[in-house]
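A short worksheet on the structure shown next.
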Amino acid sequence: MSIDQARQLRRNATEPERAMWRLLYPLRQQHNFRRQVSLGPYYADFACHALRLVIEIDGDTHGSDIAQAYDAARTRFIESEGYRVLRFTNADVLGNAEGVFDIIVLAIEGIMAP
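See the structure below:
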């Protein structure tokens, strides 16, 4: 995948992806989160390289057996690169933003703890 593909993905972000980007805003002041980050053959929805943290948002299409197998392989690859992967559904991001934010903050605190 190319830089142009990443730009295209950012331009065509879904509403849950735009909501997550807004949700990450206060954290972006301290941590360099990026959107549509290339990790090997995959693109992560959001990533902070310094924290080795990836955040994925799963839409309605992620419920099929094929999509779940793809997501599992993708997660294994990303974790093998030393990243922690947090997954949230569209419904989580749009309907429980505070809970999602709390989980992300707890993950960051766990990563940064000595």
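Numbering that gives the first Met the number 0 puts the first residue of the sequence shown at 0, with every later residue one more than the last.
Even glycine gets a Cβ: it sits at the ideal position worked out from N, Cα and C.
Rounded to whole angstroms, residue 97 and residue 69 show a C-alpha spacing of 28 Å. Contact fails between the stretch 79 to 93 and the stretch 29 to 36, because fewer than three Cβ pairs, one in each stretch, are under 8 Å apart.
Taking C-beta atoms as the reference points, residue 105 and residue 82 fail to come closer than 8 Å.
Taking 8 Å as the cut-off, the beta carbon of residue 77 is found closer than this to the beta carbon of residue 43. Shown here, residue 68 sits in a helix according to DSSP, grouped into three states. In the assembly as shown, residue 46 is a buried residue. Its beta-carbon has 16 or more other beta-carbons within 10 Å. The C-beta distance from residue 84 to residue 55 rounds to 6 Å, short enough to fall under 8 Å.
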